[in-house]
Amino acid sequence: MTKQAFSYKLNCNKVITLLQLLDNLNFKLVVVVVVVVVVEVVVVVVVVVVVVVVVVVVVVVVEVVVVVVVVVVVVVVEVVVVVVVVVVVVVVEVVVVVVVKVVVVVVVVVVVVVVVVVVVVVVVVVVVARGMYSSKRLCPSMTV
Numbered sequence: 000m001t002k003q004a005f006s007y008k009l010n011c012n013k014v015i016t017l018l019q020l021l022d023n024l025n026f027k028l029v030v031v032v033v034v035v036v037v038v039e040v041v042v043v044v045v046v047v048v049v050v051v052v053v054v055v056v057v058v059v060v061v062e063v064v065v066v067v068v069v070v071v072v073v074v075v076v077e078v079v080v081v082v083v084v085v086v087v088v089v090v091v092e093v094v095v096v097v098v099v100k101v102v103v104v105v106v107v108v109v110v111v112v113v114v115v116v117v118v119v120v121v122v123v124v125v126v127v128a129r130g131m132y133s134s135k136r137l138c139p140s141m142t143v
């Protein structure tokens with residue numbers, strides 16, 4: 000074997016060894032890339048799931064708070080409306096009862112006054128008439 004052939008064979012062996020190393024490295028690189036991609040996918044999935052869960056929890060909490068606030072406001076408004084209506088009804092009833100009582104008392108007083116006036120007029124008429132009759136009897140020439 001000549002020196003050139005030996006050198007060529009040595010160089011060929013070096014290239015083959017280098018190619019084997021590269022193949023080995025490529026396999027290791029592929030494994031590393033696959034592991035990195037799987038880890039990244041898992042991390043992305045975990046982050047997405049955590050974000051979705053947090054968003055859902057926040058939305059549910061906000062909805063619950065809004066519902067509770069709306070229910071409390073509606074109940075308070077209903078209670079205030081009921082209290083106002085009851086107060087107005089009671090005040091109107093009291094005013095109507097007082098007005099009716101006052102009207103009844105005024106009517107009774109007017110009737111009593113009218114009856115008294117009628118009785119007084121009748122008594123006066125009777126007394127005057129008796130007086131006229133008796134004065135005519137006693138003094139027929141007197142005219143009233």
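Using numbering that gives the first Met the number 0, the letters of the sequence shown correspond one by one to residues 0 to 143. All C-beta atoms, glycine included, are put in the ideal place defined by N, C-alpha and C. Every value quoted in this text rests on a predicted model; they were computed, and no experiment measured them.
In this model, residue 110 and residue 100 are separated by some 15 Å (Cα to Cα). Across the structure, residue 30 and residue 42 are spaced so that their CA atoms are roughly 18 Å apart. Runs of alpha helix (DSSP H) with 4 or more residues, each lying fully within the region 83-138, are absent.
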